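Take a look at the structure set out below.
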């Protein structure tokens with residue numbers, strides 16, 4: 001079967017899930033696909049480009065989650081949870097997002113969705129983008145920590161509770177800016 005971008009990406013996701021980001025290797029990936037490393041670079045210019053494609057895949061999964069019909073706070077909490085879930089679906093998914101070299105179309109769509117909710121809540125464009133950065137930074141930082149060591153130290157229910165608490169703190173900080 002000839003290689004294409006989707007086959008390489010699928011195999012890269014499988015390798016990431018199996019060995020994690022520290023052991024992720026284009027050489028191992030090429031061997032798993034039965035090709036030389038150069039064949040991968042026909043589809044992705046570099047290892048970083050392949051990792052960026054994985055980040056795009058994660059962002060696409062987060063963006064695909066429908067928003068609830070609730071108010072802006074409920075929608076922000078749902079967006080935060082969707083991002084966390086998408087990152088947790090892959091070993092070191094949060095680190096992959098954190099190491100993205102440049103946001104692609106799906107990462108930009110994810111962030112634009114977040115900013116749109118904040119703009120509709122009444123924030124100006126600059127404040128909405130800043131608030132979006134704060135929320136995504138919290139989600140990513142929490143999830144990096146969770147994937148690095150949380151699984152061994154706390155139950156999933158406890159991690160969910162802590163995550164929800166942190167999101168509520170961020171949203172609570174935004175309430176005065178949107179008028180409640």
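Residue numbers (the UniProt record's numbering): 1 to 180.
C-beta atoms are modelled at their ideal positions from N, C-alpha and C, and glycine is treated no differently.
Computed from a predicted model, the values in this text were never measured in an experiment.
Report task. Compare the C-alpha of residue 109 against each of 18, 56, 50, 40 and name the closest. Result -> When only C-alpha atoms are compared, the closest one is 56.
Requested in this report: Let me know the secondary structure DSSP gives residue 155 once reduced to three states.
Outcome: coil
Query raised in the report: Which whole runs of the alpha helix (DSSP H) in the segment 111-170 are 4 residues long or more, in chain order?
Result: Counting only runs of 4 or more, we get 125-145.
Report task. State yes or no: is the C-beta of residue 40 nearer than 7 Å to some heavy atom of the ligand ZN? Result -> In the structure on display, the ligand ZN does not appear, and there are no ligands present to speak of.
Query - Cβ contact (3+ pairs, closer than 8 Å) linking the segment 46-55 and the segment 91-102 - result: yes
Query raised in the report: When the distance is taken between beta carbons, is residue 40 closer than 8 Å to residue 29?
Result: yes
Query - Validate contact between the segment 138-155 and the segment 112-128 using beta carbons, cut 8 Å, 3 pairs - result: no
Query raised in the report: CB-CB under 6 Å to residue 184, same chain, minus the five flanking residues each way: which ones, in chain order?
Result: No answer is possible for residue 184: the residues shown for the chain start at 1 and end at 180.
Report task. Report buried or exposed for residue 169, applying the criterion of at least 16 other Cβ atoms within 10 angstroms of its Cβ. Result -> exposed
Query raised in the report: Hey, how far is the Cα of residue 64 from the Cα of residue 88?
Result: 15 Å
Query raised in the report: Among 42, 135, 143, which has the Cα closest to the Cα of residue 173?
Result: Nearest to residue 173 by alpha-carbon distance, out of 42, 135, 143, is 135.
Requested in this report: Determine the contact status of residue 33 and residue 13, defining contact as a CB-CB distance below 8 Å.
Outcome: In this structure, residue 13 does not lie closer than 8 Å to residue 33 by Cβ.
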